[in-house]
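*Asks:*
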Amino acid sequence: MLIGLYRFGNKLLSKQSLRGQGSWRNRSATIKICQSQKTAMEFAEGTDRIIQGYAQGYFLMADEMGVIGWYSSRQRALIPLDERFHYPKSLRRILNQKRFLVEINRDFLGVCRGCAERETTWISPQLIKIYYNLYQQGWAYSFETWQGNELAGGILGIAIRGVFIGESMFYRIPDASKVAMVELVKYLKKKDFVLFDAQLQNPHLERFGAYKVSDKKYKSLLKKALAKTCIFGDIGQPLIF
Numbered sequence: 003m004l005i006g007l008y009r010f011g012n013k014l015l016s017k018q019s020l021r022g023q024g025s026w027r028n029r030s031a032t033i034k035i036c037q038s039q040k041t042a043m044e045f046a047e048g049t050d051r052i053i054q055g056y057a058q059g060y061f062l063m064a065d066e067m068g069v070i071g072w073y074s075s076r077q078r079a080l081i082p083l084d085e086r087f088h089y090p091k092s093l094r095r096i097l098n099q100k101r102f103l104v105e106i107n108r109d110f111l112g113v114c115r116g117c118a119e120r121e122t123t124w125i126s127p128q129l130i131k132i133y134y135n136l137y138q139q140g141w142a143y144s145f146e147t148w149q150g151n152e153l154a155g156g157i158l159g160i161a162i163r164g165v166f167i168g169e170s171m172f173y174r175i176p177d178a179s180k181v182a183m184v185e186l187v188k189y190l191k192k193k194d195f196v197l198f199d200a201q202l203q204n205p206h207l208e209r210f211g212a213y214k215v216s217d218k219k220y221k222s223l224l225k226k227a228l229a230k231t232c233i234f235g236d237i238g239q240p241l242i243f
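In the working numbering, each residue's number is its place in the sequence shown (first place is 1) plus 2.
1. Reducing DSSP to helix, strand and coil, say where ILE53 ends up.
2. Which residues share a DSSP beta bridge with LYS214?
3. Curious, which full-length alpha helix (DSSP H) runs of at least 4 residues does the region 84-147 contain?
4. Whole angstroms is fine: what's the gap from GLY164's alpha carbon to LEU197's?
5. Beta-carbon within less than 8 Å of LYS214's beta-carbon, same chain only, minus the 5 sequence neighbours each way: which residues are those?
6. Excluding the five sequence neighbours on either side, which residues of its own chain have a C-beta within less than 8 Å of the C-beta of LEU103, listed in chain order?
7. What are the boundary residues of the beta strand (DSSP E) that includes VAL165?
8. Within its chain, find whatever has a CB closer than 8 Å to the CB of LEU83; leave out the 5 residues flanking it on each side and keep chain order.
9. Suppose you measure from the CA of SER179 to the CA of ARG51; what does that come to, to the nearest Å?
10. Less than 8 Å between the beta carbons of ALA156 and ALA118, yes or no?
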């Protein structure tokens, strides 16, 4: 259970808690904090508690049996929002060619399903329902790349004040998720976000300058980010540069 509640804005948070290309999480690098037998509907009714958990540095995953639990990691991967961010030179040409249109929440469920479409996945149908409820309440977002009317790729994340928490990413057209990453970082900087939490490090994220910090350091950075008021965007709002 979550205890020690305090308030920011109109939301409650807690000071103390229950303890590739494609998806960037790996269960083996996580620590399970707690699991729940709650249904998606019960989770949906507890949206404030879910946001509390994320605001304390935990994240939701489904195990091999589909049971959703809270997880953490001893080291946290962050995407830099400063000059440390970089990307492969080969991607510059693709960006200059403007092959992809970038939008926010044009097809949120499509991004959720795209992130879940792999042989082994921690994104269960129940978790998609939870993400969708967070999206409806203005917490979760999909940052998408499109070619014509085709969803080419995207990043699924949760925005809480000054932190954007990347949950997963996927692509159907080569380089689509890479373009989404570059444009998302630009967008977060434009919106004055101070922390881009990628949760777990992997070789794909390292190509963008992702680095690891200790859990203690992460909690300190997270606290500072939560003290800053940022607005990610309105539901269904197209991204125009």
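Heads up, the beta-carbon is just placed ideally off N, CA and C, and yes, glycines get one too.
*Replies:* So, from the data block:
1. Here residue 53 refers to the residue found at position 51 when the sequence shown is read from its first residue. ILE53 falls in the helix class under three-state DSSP.
2. Taking the first residue of the sequence shown as 1, we reach residue 214 at position 212. Looking at the DSSP assignment, LYS214 forms a beta bridge with ALA79.
3. Listed in chain order, they are 91-99, 110-118, 127-138.
4. Taking the sequence shown and counting its residues from 1, one reaches residue 164 at position 162. Taking the sequence shown and counting its residues from 1, one reaches residue 197 at position 195. Between GLY164 and LEU197, the C-alpha separation is close to 6 Å.
5. Within the sequence shown, residue 214 is the residue found at index 212, counting from 1. Taken in chain order, the residues that qualify are GLN77, ARG78, ALA79, LEU80, GLN203.
6. Taking the sequence shown and counting its residues from 1, the one referred to as residue 103 is at position 101. Same-chain partners within the cutoff: THR147, TRP148, GLN149.
7. Residue numbering aside, residue 165 sits at position 163 when the sequence shown is read from its first letter. The continuous beta strand (DSSP E) containing VAL165 extends over residues 165-173.
8. Counting from 1 along the sequence shown, the entry for residue 83 is found at position 81. Contacts found: VAL187, LEU190, LYS191, PHE195, VAL196, LEU197, PHE198.
9. Along the sequence shown, one-based indexing puts residue 179 at 177. Along the sequence shown, one-based indexing puts residue 51 at 49. Cα to Cα, SER179 sits roughly 30 Å from ARG51.
10. Counting from one through the sequence shown, the residue named residue 156 turns up at place 154. Counting from one through the sequence shown, the residue named residue 118 turns up at place 116. Position check: residue 156 holds Gly in this sequence, whereas Ala was assumed. The answer is no: Cβ separation not under 8 Å.
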